[in-house]
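Take a look at the structure below.
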Amino acid sequence: MHFLRMTSFCLSDATSVTASANTSSSAPFPLDSRRSVPARLLGEPGPDEAGLLRLLQSAVRVPDHGKRVPFRFVRIAGPVRERMGEALAAIALRRDPGASQAVLDKERQRFCHAPVVVAVVAVLDPLDRQIPEQERLLSAGCTCFALLQAAQSMGFGASWLTGWPAYDPEVHALLGMSAHERVAGFVHIGTPTAEVPERDRPDPRALLTDLVL
Ligand SMILES: Cc1cc2nc3c(=O)[nH]c(=O)nc-3n(C[C@H](O)[C@H](O)[C@H](O)COP(=O)(O)O)c2cc1C
Numbered sequence: 001m002h003f004l005r006m007t008s009f010c011l012s013d014a015t016s017v018t019a020s021a022n023t024s025s026s027a028p029f030p031l032d033s034r035r036s037v038p039a040r041l042l043g044e045p046g047p048d049e050a051g052l053l054r055l056l057q058s059a060v061r062v063p064d065h066g067k068r069v070p071f072r073f074v075r076i077a078g079p080v081r082e083r084m085g086e087a088l089a090a091i092a093l094r095r096d097p098g099a100s101q102a103v104l105d106k107e108r109q110r111f112c113h114a115p116v117v118v119a120v121v122a123v124l125d126p127l128d129r130q131i132p133e134q135e136r137l138l139s140a141g142c143t144c145f146a147l148l149q150a151a152q153s154m155g156f157g158a159s160w161l162t163g164w165p166a167y168d169p170e171v172h173a174l175l176g177m178s179a180h181e182r183v184a185g186f187v188h189i190g191t192p193t194a195e196v197p198e199r200d201r202p203d204p205r206a207l208l209t210d211l212v213l
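First residue of the sequence shown: 1, per full-length UniProt numbering; consecutive thereafter.
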């Protein structure tokens with residue numbers, strides 16, 4: 001029942017937003033079922049052009065202080081994934097000349113499992129003195145999470161990953177990033193090839209305290 005209510009919340013106009021919250025219900029709602037699907041378990045098909053734009057339509061709907069839109073997206077899909085893998089292996093070898101073939105092969109595969117990988121780039125204007133950089137970075141992070149949610153809602157699986165390539169200047173150059181940009185994450189999207197077991201989740205009761213003054 002809660003699920004249906006959420007659905008109408010999403011699709012209808014602003015008047016629904018004023019509907020009173022059902023705070024007593026323990027029924028699950030869609031957020032409760034989100035889980036990552038490891039990249040190696042993501043196969044074809046991935047979202048096509050229209051599908052990805054639909055996902056991004058949801059992903060950009062994030063809290064954004066001052067409407068800075070501090071994010072953009074770089075799609076890594078199709079044959080470019082293998083070329084990116086070769087580039088990663090070359091960079092990895094420069095970083096560690098003693099890297100084994102197994103390590104380099106893993107780098108070659110890094111972006112080749114899921115059909116689509118979206119690099120979410122945080123765009124952090126250094127001249128912006130009004131909105132703290134942290135807030136803009138958080139908005140970019142929110143788009144990663146929203147993209148995960150949207151992908152799962154559309155029947156795909158997804159994973160938000162970083163690893164060393166997210167922080168490497170040579171990778172940044174390949175992605176066409178400028179000095180004031182950072183990788184918020186690589187969101188790998190595809191069709192799950194296996195069921196992913198649930199993992200332990202934090203108990204919110206252990207995390208919640210009341211301010212006492
Ligand atoms: C910013 C960020 C970067 C992450 N990078 C990695 C990563 O490089 N490798 C990895 O195994 N998990 C990474 N994770 C964790 C996964 O996205 C995911 O949360 C984890 O596998 C647990 O799955 P769950 O989303 O179902 O809880 C990252 C998470 C965040 C928020």
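Every residue, glycine too, gets a C-beta built ideally from N, C-alpha and C.
Counting along the chain, the unbroken beta strand (DSSP E) around R72 starts and ends at 71-77. Closest by C-alpha distance to L52, out of A87, G66, P169, V118, is V118.
Rounded to the nearest angstrom, the gap between the Cα atoms of A166 and Q152 is 23 Å.
For G43 and L213, the gap between their C-alpha atoms comes out near 53 Å. With a cutoff of 8 Å, C112 does not count as near ligand 1, since its C-beta is closer than that to no heavy atom of the ligand.
Around the C-beta of A140, 16 or more other C-beta atoms lie within 10 Å, and the residue is accordingly described as buried. With a cutoff of 8 Å, C144 counts as near ligand 1, since its C-beta is closer than that to a heavy atom of the ligand. When rounded, the separation of the alpha-carbon atoms in D203 and P30 is 18 Å. The straight-line gap separating the alpha-carbon atoms of V183 and R81 is approximately 17 Å.
Between the stretch 50-67 and the stretch 91-100 there are fewer than three inter-stretch CB-CB distances shorter than 8 Å, so the stretches are not counted as touching. Nearest Cα to R136 within the set F71, L207, F145: F71. In the three-state reduction of the DSSP assignment, H172 falls in the helix class, which pools H, G and I. The criterion of a C-beta distance shorter than 9 Å is not satisfied by A122 and I189.
Residue pairing by DSSP places R182 opposite A122 in a beta bridge. Rounded to the nearest angstrom, the gap between the Cα atoms of P28 and M154 is 19 Å. Nearest to A77 by alpha-carbon distance, out of F186, R199, I131, D210, is F186. V103 carries a helical assignment under DSSP once its states are collapsed to helix, strand and coil. Exposed is the label assigned to L207, since fewer than 16 other Cβ atoms lie within 10 Å of its Cβ.
The beta carbons of C142 and P63 sit about 6 Å from each other, so the pair counts as a contact at 8 Å.
In this structure, R34 lies away from Q134, with their beta-carbon atoms at least 9 Å apart. Restricting attention to D200, E181, D48, the CA atom closest to the CA of L127 is found in E181. A direct Cα-to-Cα measurement between K67 and A146 gives close to 17 Å.
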